[in-house]
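Using my numbering, the letters of the sequence shown correspond one by one to residues 6 to 256.
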Amino acid sequence: LEVEQPVYGLKKVFEEKDISLPLKPLQFMDYTPVEEIAKFYIEEIQTVQSEGPYLLGGLSIGGIIAFEMAQQLRKQGNEVGLLALMDSELSHCHFIEEDVTKVILDSLEYFASQHQISIDISSLSYVDVQRFSNLDERWDYVMKKVGFTPEQSFINRRLYKTIMSSLVDIWHYTPNIYSGDITFFYAQKDEEFKESLNHGFPKSFSGWEKLCSNPIKLVKVPGNHNSMLFEPHVRTVAEKFNQYLNSVKLR
Numbered sequence: 006l007e008v009e010q011p012v013y014g015l016k017k018v019f020e021e022k023d024i025s026l027p028l029k030p031l032q033f034m035d036y037t038p039v040e041e042i043a044k045f046y047i048e049e050i051q052t053v054q055s056e057g058p059y060l061l062g063g064l065s066i067g068g069i070i071a072f073e074m075a076q077q078l079r080k081q082g083n084e085v086g087l088l089a090l091m092d093s094e095l096s097h098c099h100f101i102e103e104d105v106t107k108v109i110l111d112s113l114e115y116f117a118s119q120h121q122i123s124i125d126i127s128s129l130s131y132v133d134v135q136r137f138s139n140l141d142e143r144w145d146y147v148m149k150k151v152g153f154t155p156e157q158s159f160i161n162r163r164l165y166k167t168i169m170s171s172l173v174d175i176w177h178y179t180p181n182i183y184s185g186d187i188t189f190f191y192a193q194k195d196e197e198f199k200e201s202l203n204h205g206f207p208k209s210f211s212g213w214e215k216l217c218s219n220p221i222k223l224v225k226v227p228g229n230h231n232s233m234l235f236e237p238h239v240r241t242v243a244e245k246f247n248q249y250l251n252s253v254k255l256r
């Protein structure tokens, strides 16, 4: 982004739930309401900026939390100048237990790209992974199967469990219709592997059009869900992000 544009990151600070034990149906897992998380983050950003317009953005699950923050800020009478959702899938609000294995495999791709390791997940099957009722056992099995060292498995497990804990929070969230503007950034390569578009919209966008009373701005960016904010793709994302930031400043 431009040098003079300050950016503040919000870190997950809520206590993580113990999801390592044999899996329970998601509705019976401990969780932190998204509304509570959003309220806390708003209080934090208002120690830096007491009033709007606020420029909000979030990747993946973070986009859903940013969405709820925007809702609450507008109810307070604050202006939200920008709400940027980056490949944030509403399906996370309704995922099922079988998707836990998908989260493991998706996380695996992310960690492999972080460590610049080439992996082949074609040897993994859902049946093999799901025979373990304990999440730690599932994770260790998958990591060993694709060639990660025990140290790499241990380091990445914590981040994976943070992702899973957040997904449990999101599962319990019911979003309401938003009357402001939304800009939706979606990863081009992910869409190349998703056969169907929903009435011309990318699959990751599915459902958002029903939650926004205004037309949503769609922005296609290079890379996939895991790589869009890493080099070299992040440069293109920043350029397009700057365009929308500048348009907000000109209002």
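Glycine is no exception: its CB is placed at the ideal position from the N, C-alpha and C atoms.
Limits of the unbroken alpha helix (DSSP H) element including residue i
i, result
"Val39", "39 to 50"
"Tyr146", "140 to 150"
"Lys80", "66 to 80"
Three-state class that DSSP yields for residue i in the structure shown
i, result
"Thr188", "strand"
"Lys215", "helix"
"Leu60", "strand"
"Tyr13", "coil"
"Pro249", "Here residue 249 is Tyr; the residue named in the question, Pro, does not match the sequence. Three-state DSSP puts Tyr249 in a helix."
"Tyr165", "helix"
"Glu7", "coil"
"Pro155", "helix"
With 16 other Cβ atoms within 10 Å as the buried cut-off, status of residue i
i, result
"Val12", "exposed"
"Gln76", "buried"
"Leu6", "exposed"
"Val242", "buried"
"Asn161", "buried"
"Val18", "exposed"
"Asn251", "exposed"
"Asn231", "buried"
"Gln10", "exposed"
"Ser130", "exposed"
"Gly228", "buried"
"Glu49", "exposed"
"Phe235", "exposed"
"Phe72", "buried"
Cβ distance (whole Å) where residue i is taken to contact residue j below 8 Å
i, j, result
"Phe246", "Lys222", "12 Å between Cβ atoms; not a contact."
"Ile69", "Tyr183", "Wrong, their Cβ atoms sit about 12 Å apart, outside the cutoff."
"Trp213", "Ile175", "Not really, about 14 Å apart at Cβ, beyond 8 Å."
"Met34", "Val147", "At roughly 21 Å, the Cβ-Cβ gap does not stay under 8 Å, so Met34 and Val147 are not in contact."
"Val226", "Gln248", "Their Cβ separation, rounded to whole angstroms, is 12 Å, which puts Val226 and Gln248 out of contact at 8 Å."
"Asp92", "Tyr165", "With a Cβ gap of about 18 Å, Asp92 and Tyr165 do not count as contacting."
"Ile66", "Ser171", "5 Å"
"Gly62", "Ala89", "4 Å"
Extent of the continuous beta strand (DSSP E) to which residue i belongs
i, result
"Met233", "Here Met233 belongs to no beta strand (DSSP E), and DSSP marks it neither H nor E."
"Gly86", "85 to 91"
"Leu223", "222 to 226"
Heavy atom of the ligand SAM within 6 Å of residue i beta-carbon
i, result
"Arg162", "The ligand content of the structure shown is nil, which means the ligand SAM is not present either."
### Task
Could you say if the segment 83 to 90 and the segment 51 to 66 meet the contact criterion of at least three C-beta pairs nearer than 8 Å?
yes
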